[in-house]
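>
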């Protein structure tokens, strides 16, 4: 097979696997959230559909497809229909650079376990993440509903405010690793004299966590949805599968942010007993072990998301904006400067 | 190499196709029995008094402008961050000067109250 054929075939295989993984993952997360929230509130959560309620996401999906889905009379119908698709599209695209395991040699080429390994990975990620606001704001505006519009405006201001500290928090890691490629960043955490960046960048880690939770509009930063005051925020007028796409996008974004926390700060696929377990990198079980470690780390941060939701009350909107601009922004610039000073003097 | 961007193109086609197909399916699946009440905007049982697309507070606009400023600043940090090892200490000092200039603007914004949501 020539080079172009190889690129096309691997691209298609990886894309299909990534899409399937994200859709299944998003569906399972809805179940996991309801289970964990149930347990944290001393109830069971879904248990009726299938063993342990495992088929609940399928039942939900079927119900969403069979529901009546009217379009509000005053809505701008084109934008109204496309907006959820934009949200989902952006959520899928952001995952493209996340490596789920170590690279390996197959059919005469190095294969990475991410959809692609572009050398500007983190920059690509920031660019895609900032597109996420379009789906939300356009959907809110086109619904011609006051609650939607309020939710959409809040979402716009919140997402762009926290994006800045999110980007600057990544910079600390980039300065330490000296590369923008996620695979390179993981490799840098394995380099001699280095360790997981969470130990070298504790402030950056917390900034990224907070920014990530705010960026995905999850509790305690879920003012965008705020069901007690805004009904549902931007998706008030959406029902059935259209609403389902917004939800799927939100859960996929949670997956992506958790995967990024694991990649940037917790060493990605690097196991805990690094030295011993990595002596036979070429063995297939080492690959699987790397993937296993990665998923353990991601699952932990997903759990933290749900834990936040069960524990923390929603913060007020002026507090949210003040916190983003007056605390997180200066702190992230300071964190970057201190890291840069350390690296430049070394 | 530019071939690394081809998977992104393929993924974007597949993801966009999937999302749009889903939207198309929602137009065909399920019953459709519209009525005037069903198509009215959802207002918690009240009748709508005014249409919602009206002027909204200017502070959202201010936030959007600030975002543009600081996000471009953030992007300009990235190339510097990669080659910082080669630049050594002089590179750090140069960026420090840039950050100090930005800090002056930031303090000005803070004093003007652009960062305070409610006054």
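Residue numbers (my numbering), protein chains in the order written: chain A, 3 to 348; chain B, 389 to 507.
For every residue, glycine included, the Cβ atom is placed at its ideal position computed from N, Cα and C.
1. Buried or exposed: which applies to residue 442/B, given that a residue is buried once 16 or more other Cβ atoms fall within 10 Å of its Cβ?
2. Please compile the residues from chain A whose C-beta is within a distance smaller than 7 Å of the C-beta of residue 426/B.
3. Would the beta-carbon of residue 33/A fall within 8 Å of that of residue 53/A?
4. Do you know whose CA, among 445/B, 390/B, 450/B and 425/B, lies nearest residue 501/B's CA?
5. For residue 113/A, name the three-state secondary structure that DSSP assigns.
6. What does DSSP give as the partner residue(s) for residue 106/A in the beta ladder?
7. Run down chain A in chain order and give the residues with a C-beta less than 8 Å from the C-beta of residue 489/B.
8. Would you mind working out which of 238/A, 132/A, 242/A and 79/A sits nearest residue 418/B, comparing C-alpha positions?
9. Please check if any C-beta of chain A sits within less than 8 Å of the C-beta of residue 413/B.
10. Tell me, please, whether the stretch 180 to 193 of chain A touches the stretch 468 to 475 of chain B by the rule of three or more beta-carbon pairs shorter than 8 Å.
11. In the stretch 196 to 238 of chain A, which residue ranges form an unbroken alpha helix (DSSP H) of at least 4 residues, counting only runs that do not cross its ends?
12. I'd like to know if residue 486/B contacts chain A, where contact means its C-beta is closer than 8 Å to some C-beta of that chain.
13. For the structure I just gave you, are there three or more beta carbon pairs, one from the stretch 83 to 103 of chain A and one from the stretch 122 to 132 of chain A, closer than 8 Å?
14. With a threshold of 16 other CB atoms inside 10 Å of the CB of residue 496/B, please say whether the residue is buried or exposed.
15. Could you tell me which chain A residues have their CB closer than 7 Å to the CB of residue 392/B, listed as they occur along the chain?
16. For a quick check, are the C-beta atoms of residue 269/A and residue 203/A less than 8 Å apart?
17. Comparing the C-beta of residue 337/A with each C-beta of chain B, is any distance below 8 Å?
18. Ends of the alpha helix (DSSP H) at residue 425/B?
19. Given a cut-off of 8 Å on the beta-carbon distance, is the pair residue 267/A and residue 215/A in contact?
20. Alpha carbon to alpha carbon, how far is residue 12/A from residue 254/A?
21. Return yes when at least one heavy atom of the ligand FAD lies under 7 Å from the C-beta of residue 484/B, else no.
22. Could you tell me the alpha carbon to alpha carbon distance between residue 134/A and residue 348/A, rounded to whole angstroms?
23. Could I get the ranges of all uninterrupted alpha helix (DSSP H) runs contained in the stretch 34 to 95 of chain A, with 4 residues as the minimum, in chain order?
24. Please check if any C-beta of chain A sits within less than 8 Å of the C-beta of residue 496/B.
25. If you measure between the beta carbons of residue 292/A and residue 309/A, is that distance less than 8 Å?
26. Which same chain residues end up closer than 7 Å to residue 303/A when comparing Cβ atoms and leaving out the 5 residues on each side of it in sequence?
27. Measure the Cβ-Cβ separation of residue 94/A and residue 21/A and say whether it is below 8 Å.
28. Compare the beta carbon distance of residue 227/A and residue 74/A with 8 Å and say whether it is the shorter of the two.
29. Could you round the C-beta distance between residue 330/A and residue 217/A to whole angstroms and report it? I think they count as a contact, below 8 Å.
30. Could you tell me whether the Cβ atoms of residue 477/B and residue 346/A are closer together than 8 Å?
31. Starting from residue 503/B, follow the alpha helix (DSSP H) in both directions and report where the run begins and ends.
32. Answer yes or no: does any C-beta atom of chain B fall closer than 8 Å to that of residue 163/A?
33. Using 8 Å as the limit for Cβ to Cβ distance, is residue 418/B near chain A?
34. Please state whether DSSP places residue 310/A in a helix, a strand or coil.
Per the coordinate set shown:
1. exposed
2. 72
3. no
4. 450/B
5. strand
6. 113/A
7. None at all; the shortest Cβ gap to chain A is about 12 Å.
8. 242/A
9. yes
10. yes
11. 199 to 202, 204 to 217 and 229 to 232
12. no
13. yes
14. exposed
15. 118, 119 and 120
16. no
17. no
18. 424 to 427
19. no
20. 23 Å
21. Inclusion of the ligand FAD in the displayed structure is not the case, the ligand content being empty and no account of it being possible.
22. 38 Å
23. 58 to 68
24. no
25. no
26. 260, 263 and 264
27. yes
28. no
29. That pair is no contact at about 12 Å.
30. yes
31. Note, residue 503/B: premise wrong, no alpha helix (DSSP H); not H, not E.
32. yes
33. yes
34. helix
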